[in-house]
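Reading the sequence shown from the start, the letters are residues 0 to 342 in numbering that gives the first Met the number 0. Think of the CB as a built atom: it goes at the ideal place given N, C-alpha and C, for glycine as much as any other residue. Have a look at the structure below, then the notes.
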Amino acid sequence: MPRRGEPLRKLGFLTIGRFDAADPGPGIEETLQVIERAEALGFDSVWLRDRHLQPGISSPVAIMAAASQRTSRIELGTAVIPLGLENPFRLAEDLATVDILSGGRVNPGVSVGTPMLYEHYKTALYPETHELENFSKERVLRLLRNLRGEPVSDFAGTVGIEQFTDRIQPHSPGLADRVWYGGGLESAIWAAEQGINYLTSSVVSIDGTESRDFATIQGEQIDAFRAHHLHPDRARVSQGLVVIPTDSATDDQIRRYRDYAAGRFERTKTPQGPRGMLFSPDYVGPSDELADRLFEHAGFQRADEMAIALPFTFGPDDYTQIIGDLADKLGPRLGWAPNSQQG
0 MPRRGEPLRK
10 LGFLTIGRFD
20 AADPGPGIEE
30 TLQVIERAEA
40 LGFDSVWLRD
50 RHLQPGISSP
60 VAIMAAASQR
70 TSRIELGTAV
80 IPLGLENPFR
90 LAEDLATVDI
100 LSGGRVNPGV
110 SVGTPMLYEH
120 YKTALYPETH
130 ELENFSKERV
140 LRLLRNLRGE
150 PVSDFAGTVG
160 IEQFTDRIQP
170 HSPGLADRVW
180 YGGGLESAIW
190 AAEQGINYLT
200 SSVVSIDGTE
210 SRDFATIQGE
220 QIDAFRAHHL
230 HPDRARVSQG
240 LVVIPTDSAT
250 DDQIRRYRDY
260 AAGRFERTKT
270 PQGPRGMLFS
280 PDYVGPSDEL
290 ADRLFEHAGF
300 QRADEMAIAL
310 PFTFGPDDYT
320 QIIGDLADKL
330 GPRLGWAPNS
340 QQG
């Protein structure tokens with residue numbers, strides 16, 4: 000675990016992939032170029048958000064397919080695909096296809112629960128079954144069974160000149176071991192019991208804890224995940240926070256970054272909503288200062304991978320500066336070394 004003097008094993012970042020709804024092409028191309036640049040800078044991973052009915056990435060699997068043909072090494076993840084809008088059978092086919100295209104670099108992060116704003120489009124999504132759909136963790140288990148190659152059909156054989164199998168095709172060995180799940184304490188334990196990986200984010204639930212400190216809660220959840228995992232030696236945890244290094248930023252950028260963080264700070268003081276969701280403060284400053292703060296962070300101390308979330312509302316020049324400073328300044332201060340190995 001990365002305490003001072005111990006290396007951060009993997010570093011990546013998370014992007015929403017914004018575009019102009021009236022002209023989406025340039026924004027989508029920009030996302031692909033960001034992924035290419037991330038590989039050139041030595042990042043270990045890029046993670047794609049999944050947003051529906053918004054001008055952002057709605058089909059991360061398609062973006063990963065395109066990115067797989069422009070890159071050779073970097074891992075391609077999703078954070079996260081909400082399975083309430085997916086058929087696990089078809090999603091497994093798509094994920095396996097892209098994993099093979101990429102040479103085994105896909106890391107599917109998924110979530111469950113009723114989709115956001117479901118009442119407004121449920122009849123378009125599920126015209127006849129919208130009141131019957133099961134949005135529980137069973138959807139994750141279905142996806143895992145499909146990715147593992149368990150039978151989905153009671154027929155295998157030949158019909159005329161066509162050959163059929165009883166499992167999802169193509170099958171990509173090892174892909175099921177690269178599935179990630181996020182959430183609070185209960186979800187951390189559940190993910191561990193399934194033998195899958197754990198994504199943390201800049202939001203935690205206070206359920207199951209007496210603490211009201213974000214870092215402490217995140218650390219508790221990671222500890223619970225590791226304690227319950229079927230194979231602790233292979234358990235992967237990725238920490239997610241908004242971290243904005245300012246080493247090469249202009250005065251205007253620094254002002255805007257600090258204003259952004261200040262405008263979101265109020266929500267970090269107390270748990271929000273009926274589920275008691277607690278938000279992390281955003282981290283803005285020079286890399287030396289950020290490294291000191293992260294080494295003291297209970298969540299960071301327990302995760303040997305990090306996927307830093309890029310803010311939603313910044314411009315291309317801002318992202319270029321932030322990504323560059325993450326790779327050149329902050330990463331090395333955290334003991335991370337750029338990955339230059341070519342696949």
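Under the criterion of a Cβ to heavy atom distance below 7 Å, does residue i qualify as lining the ligand MG?
{"i": "Thr208", "result": "As for the ligand MG, it is missing from this structure, which has no ligand bound."}
Would you mind working out which of the options sits nearest residue i, comparing C-alpha positions?
{"i": "Ile167", "options": "Asn133, Leu116, Asp93, Tyr259", "result": "Asp93"}
{"i": "Asp98", "options": "Thr113, Gly148, His227, Pro172", "result": "Pro172"}
{"i": "Asn196", "options": "His227, Thr269, Thr245", "result": "His227"}
{"i": "Ala190", "options": "Val202, Ser201, Ala175", "result": "Ala175"}
{"i": "Lys9", "options": "Gly182, Glu149, Pro23, Asp303", "result": "Asp303"}
{"i": "Ala95", "options": "Leu277, Ser200, His170, Ser237", "result": "His170"}
{"i": "Ala412", "options": "Leu90, Glu28, Glu85, Ser101", "result": "Here the chain comprises residues numbered 0 to 342, so residue 412 is not present and cannot be evaluated."}
{"i": "Ser186", "options": "Thr208, Phe154, Phe224", "result": "Phe224"}
{"i": "Arg89", "options": "Arg144, Thr269, Ser237", "result": "Arg144"}
Express the C-alpha separation of residue j and residue i in angstroms, rounding to a whole number.
{"i": "Ile80", "j": "Ser57", "result": "9 Å"}
{"i": "Pro337", "j": "Asp49", "result": "27 Å"}
{"i": "Glu5", "j": "Asp43", "result": "18 Å"}
{"i": "Glu132", "j": "Ser152", "result": "21 Å"}
{"i": "Leu146", "j": "Phe12", "result": "25 Å"}
{"i": "His51", "j": "Glu137", "result": "22 Å"}
{"i": "Arg235", "j": "Val158", "result": "43 Å"}
{"i": "Leu229", "j": "Gly83", "result": "27 Å"}
{"i": "Leu116", "j": "Glu161", "result": "42 Å"}
{"i": "Arg332", "j": "Leu40", "result": "16 Å"}
{"i": "Met344", "j": "Ser279", "result": "Residue coverage of the chain in this structure runs from 0 to 342, which leaves residue 344 outside it and unanswerable."}
{"i": "Tyr259", "j": "Ala308", "result": "14 Å"}
{"i": "Gln341", "j": "Tyr120", "result": "For Gln341, the predicted model reports a pLDDT of 43, less than 50, meaning its position is unreliable and no value from the coordinates is stated."}
{"i": "Thr30", "j": "Thr122", "result": "31 Å"}
{"i": "Leu325", "j": "Gln193", "result": "33 Å"}
{"i": "Ala91", "j": "Thr14", "result": "23 Å"}
{"i": "Ala248", "j": "Pro150", "result": "53 Å"}
{"i": "Arg266", "j": "Asp212", "result": "13 Å"}
{"i": "Pro25", "j": "Trp179", "result": "30 Å"}
{"i": "Thr128", "j": "Asp316", "result": "45 Å"}
{"i": "Ala61", "j": "Thr208", "result": "39 Å"}
{"i": "Asp22", "j": "Arg233", "result": "43 Å"}
{"i": "Ser237", "j": "Arg301", "result": "9 Å"}
Is residue i near residue j, with beta carbons less than 8 Å apart?
{"i": "Gly298", "j": "Ile221", "result": "yes"}
{"i": "Leu198", "j": "Gly323", "result": "no"}
{"i": "Pro87", "j": "Leu47", "result": "no"}
{"i": "Gly106", "j": "Gly76", "result": "What sits at residue 106 in the sequence shown is Asn, not Gly. Yes, the Cβ-Cβ distance between Asn106 and Gly76 is below 8 Å."}
{"i": "Tyr318", "j": "Val45", "result": "no"}
{"i": "Leu7", "j": "Trp335", "result": "yes"}
Go through its chain and collect everything with a Cβ distance to residue i's Cβ below 8 Å, but skip five positions before and after it.
{"i": "Arg3", "result": "Phe294"}
{"i": "Asp250", "result": "none"}
{"i": "Ser210", "result": "Ile216, Glu219"}
{"i": "Gly345", "result": "No answer is possible for residue 345: the residues shown for the chain start at 0 and end at 342."}
{"i": "Val111", "result": "Pro81, Leu82, Gly83, Phe134, Ser135, Lys136, Arg138, Val139"}
{"i": "Gln271", "result": "Leu277, Phe278"}
{"i": "Pro231", "result": "Arg225"}
In chain order, what residues of the same chain have a beta carbon less than 7 Å from the beta carbon of residue i, not counting five sequence neighbours either side?
{"i": "Ala214", "result": "His296, Ala297, Gly298"}
{"i": "Gly156", "result": "Phe163"}
{"i": "Arg257", "result": "Val283"}
{"i": "Glu38", "result": "Thr70, Arg72, Ile73"}
{"i": "Glu35", "result": "Arg69, Thr70"}
{"i": "Ala290", "result": "Leu329, Arg332, Leu333"}
Report back the beta-carbon spacing between residue i and residue j to the nearest angstrom; my notes put them in contact at under 8 Å.
{"i": "Ala20", "j": "Pro54", "result": "4 Å"}
{"i": "Pro244", "j": "Ile188", "result": "Actually they are not in contact, since the Cβ atoms of Pro244 and Ile188 sit about 34 Å apart, beyond 8 Å."}
{"i": "Asp281", "j": "Arg263", "result": "6 Å"}
{"i": "Pro285", "j": "Asp327", "result": "No, Pro285 and Asp327 are not in contact; Cβ-Cβ is about 13 Å, not under 8 Å."}
{"i": "Arg17", "j": "Ser67", "result": "Not a contact, Cβ separation roughly 21 Å."}
{"i": "Ser200", "j": "Gly181", "result": "6 Å"}
{"i": "Val241", "j": "Pro310", "result": "6 Å"}
For residue i, which residues in the same chain have their Cβ closer than 6 Å to its Cβ, ignoring the five residues on either side in sequence?
{"i": "Arg177", "result": "Asn106"}
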